[in-house]
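J.: Numbering (this note's numbering), first residue to last: 10 to 325.
Dropping the structure in here first, questions after.
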Ligand code: NAP
C-alpha cells in the first residue's frame, strides 16, 4: 500500500540501477518509492561471483545486491513488491499502475526494469525448464553435483557460469555457435585452462532431449559441416544473452533498433520527467557498476527536474 498520494519519483525496478537511484533520491530528500516485482537485486543477484565491482575483489552477486538493498533501506526508502502493468505519462503528473490495482502518481519516473535471460527457442526448452533446463547456474548448479551438463553461449555469462559449474559438476560441455567467444579475454583464458570444461565450437543446439526424469541430452548441429549428433547431458544451462524488459516503456519514448530506451546525457527519455537507467537503456556495456552509476545520474537529474517543476508551480 502506497504511503503517499503523490511522489516526487517512482523507481521501477530493484536491481543495481533502481536501488542506487533510491539511495540518491532519498539523499536528495525526494519522496521516493521503488517498485519491484521479485527479489531486490535483479540480474546481479543471480550472478555467481562479481570480480569487477570496485571495492570488492570478489563478492557474490546476491551478497552485493543485498548490500545495495540494505543501503537503500538505511535511508528509509519506501518499497512496494508488486508488478507494474503500465506507465501512463501525463502533463500534470505521471501514473504507474500496479497489478494489485493501485495507481502511483509522481512528478518523475525512473525506468530501471533491466532485462531477462533470452531463450534459445528450440523444442524441449520451455517444457524442461526446471527439469534440467536452467538460466541460472548459481540457483540450480547445486542440483547437478557430480553430473554432466552443457552450457550454451559464448558471452561473459556463459564463460563465467561454465567455470562455476566446472567446480560442482563432473563435466561441462561449453557449446558455442561460432569459432571464437564473445566473452572477455580473462574469462577465455580461465576457460581454456579448466580441464573439466570441454569446448564445442561452431555448433548450435537444435532441441533439448528429455525423458520422464527430465533432460537426458541435447541434439546438436555443426554449423560448418552440417553434421548432427546427440550429446547425453543431465542438464542444459542456457546463456544466450539478454532481452530488455521494455514492455512497460510508454509510447512516445524513443527506442533504439535493438529495443533499448534512448536517453540524453541526464538519462531523460523523450518524455520529460521520465528517466531510464541500467540494462534497459541503450548504452555501451551492461555492467553492475554502469547500472549503479546510471541510477545515480537518473536520480540526480530527477531531483533537478522535480525541483524546477515545484519552483515553477510556486511562481504560477
Ligand atoms: P551476450 O554478451 O549477448 O552473449 C550472448 C552469447 O550467446 C553470444 O556468445 C552469442 O553468440 C550467443 N547466442 C545468442 N543467441 C544465440 C542462439 N540463438 N543460439 C546460440 N547462441 C546464441 O550475453 P551475456 O553473456 O548474457 O552478457 C550480457 C551482458 O552482460 C554483456 O554486456 C556482458 O559483458 C555483461 N556481463 C558481464 C559480466 C561481468 O563483467 N562479470 C558477467 C556477465 C555478463 P555470438 O557471440 O555469436 O553472438
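Glycine is no exception: its CB is placed at the ideal position from the N, C-alpha and C atoms.
To which residues of the same chain is residue 191 closer than 6 angstroms at the C-beta, ignoring the five residues directly before and after it?
T.: Here residue 191 is taken as the residue at index 182 of the chain shown, counted from 1. Contacts found: 163 and 164.
J.: Could you check what DSSP says for residue 159 in three-state terms: helix, strand or coil?
T.: As a working mapping, residue 159 is identified with position 150 in the chain shown. In the structure shown, residue 159 sits in a strand (DSSP, three-state: E or B).
J.: Please state whether the Cβ-Cβ distance between residue 173 and residue 150 is less than 8 angstroms.
T.: Residue mapping note: residue 173 aligns to position 164 of the chain shown, counting from 1. Residue mapping note: residue 150 aligns to position 141 of the chain shown, counting from 1. The answer is yes: Cβ separation under 8 angstroms.
J.: Looking at residue 129 and the ligand NAP, is the gap between the Cβ and the nearest heavy atom below 7 angstroms?
T.: Looking up residue 129 in the chain shown gives position 120. Yes, the beta carbon of residue 129 sits closer than 7 angstroms to at least one heavy atom of the ligand NAP.
J.: Within the continuous alpha helix (DSSP H) that includes residue 80, where are the two ends?
T.: Counting from 1 along the chain shown, the entry for residue 80 is found at position 71. Its alpha helix (DSSP H) spans residues 70-83.
J.: Tell me whether residue 267 is buried or exposed, calling it buried when 16 or more other Cβ atoms sit within 10 Å of its Cβ.
T.: The residue you call residue 267 lines up with position 258 of the chain shown. Per the 10 Å Cβ criterion, exposed.
J.: In chain order, what are the residue ranges of uninterrupted beta strand (DSSP E) at least 3 long that sit wholly in the stretch 97-176?
T.: Taking only runs of at least 3 residues, the beta strand (DSSP E) segments lying wholly in the stretch 97-176 are 103-107, 112-120, 124-126 and 157-161.
J.: Is DSSP giving residue 269 helix, strand or coil here?
T.: One-based indexing of the chain shown puts residue 269 at position 260. Of the three classes helix, strand and coil, the one that applies to residue 269 here is coil, per DSSP.
J.: Whose C-alpha, out of 205, 324, 60 and 223, is nearest the C-alpha of residue 155?
T.: Taking the first residue of the chain shown as position 1, residue 155 is located at position 146. Per the Cα distances, 205.
J.: Helix, strand or coil, according to DSSP, for residue 283 in the structure here?
T.: Stepping through the chain shown from its first residue, residue 283 is reached at position 274. DSSP places residue 283 in strand when its eight states are reduced to three.
J.: DSSP three-state call for residue 349: helix, strand or coil?
T.: The first residue shown for the chain is 10 and the last is 325, placing residue 349 beyond what the model contains.
J.: In whole angstroms, what separates the C-alpha of residue 241 from that of residue 289?
T.: Here residue 241 refers to the residue found at position 232 of the chain shown. Here residue 289 refers to the residue found at position 280 of the chain shown. Cα to Cα, the separation comes out at about 37 angstroms.
J.: Pull the bridge partners of residue 233 from the DSSP assignment, please.
T.: Counted from its first residue, the chain shown places residue 233 at position 224. None, per the DSSP bridge assignment.
J.: I want to know whether the stretch 18-31 touches the stretch 116-126 - three or more CB-CB distances under 8 angstroms.
T.: The answer is yes - the stretch 116-126 touches the stretch 18-31, with three or more Cβ pairs under 8 angstroms.
J.: Using only CA atoms, which one of 244, 160 and 273 lies nearest to residue 207?
T.: What you label residue 207 is simply residue 198 of the chain shown in a count that begins at 1. Ranking 244, 160 and 273 by Cα distance to residue 207 puts 160 first.
J.: What's the C-alpha gap between residue 144 and residue 129?
T.: For the purposes of this step, residue 144 is taken as residue 135 along the chain shown, with counting starting at 1. For the purposes of this step, residue 129 is taken as residue 120 along the chain shown, with counting starting at 1. Approximately 11 angstroms, taken between the alpha carbons.
J.: Can you grab the Cα-Cα spacing for the pair residue 247 / residue 110, in whole Å?
T.: Here residue 247 is taken as the residue at index 238 of the chain shown, counted from 1. Here residue 110 is taken as the residue at index 101 of the chain shown, counted from 1. Between residue 247 and residue 110, the C-alpha separation is close to 35 angstroms.
J.: Provide the residue span of the beta strand (DSSP E) that contains residue 62, from first to last.
T.: As a working note, residue 62 is residue 53 in the chain shown. Looking at the DSSP string, residue 62 is not in any beta strand (DSSP E), and its letter there is neither H nor E.
J.: Taking the beta carbon of residue 292 as the centre, do at least 16 other beta carbons fall within 10 Å, making it buried, or is it exposed?
T.: Within the chain shown, numbered from 1, the residue matching residue 292 stands at position 283. So residue 292 ends up on the buried side.
J.: List the endpoints of the continuous alpha helix (DSSP H) containing residue 320.
T.: In the chain shown, counting from the first residue as 1, residue 320 sits at position 311. Looking at the DSSP string, the run of the alpha helix (DSSP H) that includes residue 320 is 297-324.
J.: For residue 180, which beta-bridge partners are listed by DSSP?
T.: By one-based count along the chain shown, residue 180 stands at place 171. 157.
J.: For residue 201, count neighbouring C-beta atoms within 10 Å of its own C-beta (all shown protein chains included) and say buried if the count is 16 or more, exposed if not.
T.: Translated into the one-based positions of the chain shown, residue 201 becomes position 192. Its Cβ having fewer than 16 others within 10 Å, residue 201 is exposed.
J.: Considering just the uninterrupted stretch of the beta strand (DSSP E) at residue 244, what are its terminal residues?
T.: One-based indexing of the chain shown puts residue 244 at position 235. Here the beta strand (DSSP E) through residue 244 covers 244-247.
J.: In terms of DSSP beta bridges, what is residue 33 paired with?
T.: Taking the chain shown and counting its residues from 1, one reaches residue 33 at position 24. The partner list for residue 33 (beta bridge, DSSP) is empty, contrary to what the question assumes.
J.: Return the CA-CA distance between residue 259 and residue 235, expressed in angstroms with no decimal places.
T.: The residue labelled residue 259 in the question sits at position 250 within the chain shown. The residue labelled residue 235 in the question sits at position 226 within the chain shown. Their backbone Cα atoms lie some 44 angstroms apart in a straight line.
J.: Can you tell me the Cα-Cα spacing of residue 90 and residue 231, whole angstroms?
T.: As a first step, residue 90 must be located in the chain shown, where it is residue number 81. As a first step, residue 231 must be located in the chain shown, where it is residue number 222. Rounded to the nearest angstrom, the two C-alpha atoms are 45 angstroms apart.
J.: Going by beta carbon distance, what residues of the same chain come within less than 6 angstroms of residue 138, once the five residues before and after it are set aside?
T.: What you label residue 138 is simply residue 129 of the chain shown in a count that begins at 1. If we look at residue 138 and ignore the five residues flanking it on each side, it has no Cβ neighbours.
J.: In the DSSP assignment, find the unbroken alpha helix (DSSP H) run with residue 201 in it and report its ends.
T.: Within the chain shown, numbered from 1, the residue matching residue 201 stands at position 192. Counting along the chain, the alpha helix (DSSP H) containing residue 201 begins and ends at 194-202.
J.: Taking contact to mean at least 3 C-beta pairs separated by less than 8 angstroms, is the stretch 26-34 in contact with the stretch 73-80?
T.: They touch, by the three-pair rule.
J.: Is there at least one Cβ from chain C nearer than 8 angstroms to residue 82's Cβ?
T.: Within the model displayed, chain C is absent; a lone protein chain is all it includes.
J.: Cα-Cα, which of 16, 32, 11 and 14 is closest to residue 306?
T.: Reading the chain shown from its first residue, position 297 is the one you call residue 306. The candidate whose alpha carbon is nearest that of residue 306 is 32.
J.: Let me check understanding here. Comparing Cα to Cα, which of 301, 47, 280 and 294 lies closest to residue 286?
T.: Within the chain shown, residue 286 is the residue found at index 277, counting from 1. Taking only the C-alpha atoms, the option nearest residue 286 is 301.
J.: Could you work out which residue in 53, 84 and 78 is closest to residue 69 when comparing CA atoms only?
T.: Counted from its first residue, the chain shown places residue 69 at position 60. For the residues 53, 84 and 78, the minimum Cα distance to residue 69 belongs to 53.
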